[in-house]
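Just add 1 to wherever you are in the sequence shown, counting from 1, and you've got the numbering used here.
This report refers to the structure that appears directly beneath it.
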Amino acid sequence: MNIDLSFFPSGNLQADAELVASAEQMGFCAAWSAETARNPFLPLTIAASATESILLGTQIAVAFPRSPMVTAQIAWDLARQSNGRFVLGLGTQVRAHIERRFSEAWTDPIGRMREYIESLLAIWDTFQHDARLRYRGKHYQFRLMSPFFNPGPNAKPDIPIFLAGVNPGMCRLAGETCTGLHAHVFHTASYLRDLVLPAVEAGLAVSGRARSDFALTVPVFVASGANDEARRRAEAEARSRIAFYASTPSYRRVMTSQGWNEIADKLSVMARAGQWNDMAALIPDELLREIAIVAAPDEVLPQIKQRYAGLADRICLDWNGIDSVTRSAISSGLRQA
């Protein structure tokens with residue numbers, strides 16, 4: 002089981018690169034840049050030069066607002082800059098953000114994402130082999146690549162694609178077409194076991210690949226701290242984030258699978274009323290501990306390994322949300338591993 006780090010770009014590219022370089026020294030296997038308030042690709046351009054061995058990837062970049070051609074170019078350059086260490090992580094986002102934040106159409110997300118991935122592969126084939134670009138789909142068509150716009154081949158052209166998925170349809174698509182899946186941080190171990198992995202394996206069967214050919218990356222909430230007060234603050238933050246996700250229709254299946262429908266219904270009503278500050282109080286200890294790792298700093302890594310053994314290939318820790326004492330304990334655990 003690989004232990005990875007994820008981070009939100011800070012706006013200071015040099016500082017982000019130094020964080021990734023530090024992660025490499027601590028023994029993390031990969032560093033994933035998330036797309037929230039800032040572009041997820043930019044920090045990795047400097048991080049690629051500041052590191053030697055750590056994998057670099059996006060968790061995730063929002064696909065649909067970017068043409069596959071734009072994404073293909075960015076990924077191609079990052080693969081070259083990192084000497085083949087770049088992993089392209091893509092996600093759909095939810096309908097409200099695509100339509101109202103990005104001003105893009107929301108149509109057939111699974112079918113569109115399938116074509117997005119096929120388009121990337123076709124474009125990269127043209128870059129690498131100067132093959133004629135002829136991709137025709139329902140959502141995307143690419144038929145022009147003159148030499149002036151072709152960046153030419155890469156020494157390591159096979160860029161892994163990881164797809165973000167929560168519900169079975171997208172997880173199956175990941176199994177069919179991608180190298181890996183970014184599970185959502187809002188999950189339980191039983192949800193991964195009973196819904197996510199069977200969907201992935203169904204997709205792998207279609208593609209004729211084995212489970213060993215595929216990586217499941219699982220981000221986790223960590224609620225820990227050096228003392229009781231720090232742990233209470235970390236638990237409160239975890240409850241708040243869990244409440245936010247639990248109120249969202251896109252993630253309702255997680256709540257339903259655990260029999261938490263009544264809590265989800267109440268949270269949805271409160272979210273529509275704008276009662277964000279009051280929602281965390283509805284998250285009971287049982288729900289918190291099913292979703293988050295609630296542990297003393299030196300027990301975080303052992304609990305992660307116990308919970309996800311046989312489920313996850315990669316565990317991803319949100320470094321922004323972990324206090325300094327817990328970071329130190331995790332770093333020590335990685336060095337001893």
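Even glycine gets a Cβ: it sits at the ideal position worked out from N, Cα and C.
If you draw a 10 Å sphere on the C-beta of V63, you find 16 or more other C-beta atoms in it, and that means buried.
A293: member of the beta strand (DSSP E) spanning 293-295, first to last residue. Beta-bridge analysis with DSSP links D5 to C317. Around the beta-carbon of D5, 16 or more other beta-carbon atoms lie within 10 Å, marking it buried. Close CB contacts of L43 within its chain, under the 8 Å cut and outside five residues either way in sequence, are with P10, L14 (chain order). Nearest in C-alpha terms to V186, of all of R135, S104, I243, is I243.
Contact between the segment 192-206 and the segment 223-240 is absent: fewer than three C-beta pairs spanning the two stretches fall below 8 Å. Restricting attention to beta strand (DSSP E) runs no shorter than 3 residues, the segment 82-109 encloses them at 87-92, ordered along the chain. Each of A49, E53, R101 was checked against the Cα of P66, and the nearest Cα belongs to R101. Taking 9 Å as the cut-off, the Cβ atoms of R240 and L289 count as close.
In this structure, A35 is the residue among A35, D314, A24 with its C-alpha nearest to the C-alpha of G12.
Going by beta carbons, S50 and Q26 fall outside the 9 Å limit. In terms of Cβ geometry, A227 and T327 form a close pair [threshold 9 Å]. Contact between P220 and C317 holds: their C-beta atoms lie close to 4 Å from each other, under 8 Å.
Taking I323 as the centre and dropping the five residues before and after it, the same chain places the C-beta of V223 closer than 6 Å to its C-beta, in chain order.
Following the DSSP letters along the chain, one finds S34 in no alpha helix (DSSP H) but inside the beta strand (DSSP E) bounded by residues 31-34. By the beta-carbon neighbour count (other beta carbons within 10 angstroms, threshold 16), W77 is buried.
Using a Cβ distance threshold of 9 Å, S248 and S269 count as a contacting pair. The Cβ neighbour count for Q307, taken over all protein chains shown within 10 Å, is under 16; the residue is labelled exposed. Taking 8 Å as the upper bound for CB-CB distance, G90 and H183 are in contact here, some 5 Å apart. In this model, G275 and M256 are separated by some 21 Å (Cα to Cα). Cβ neighbours of G176 within its own chain (closer than 6 Å, five residues either side excluded): V201, G204, L205. For the pair F150 and L56, the Cα-to-Cα distance works out to about 28 Å. In the three-state DSSP reduction, L312 falls in the coil class, being neither helix nor strand. The beta carbon of A296 sits closer than 6 Å to those of S225, Q304, all from its chain and outside the five residues before and after it, given in chain order.
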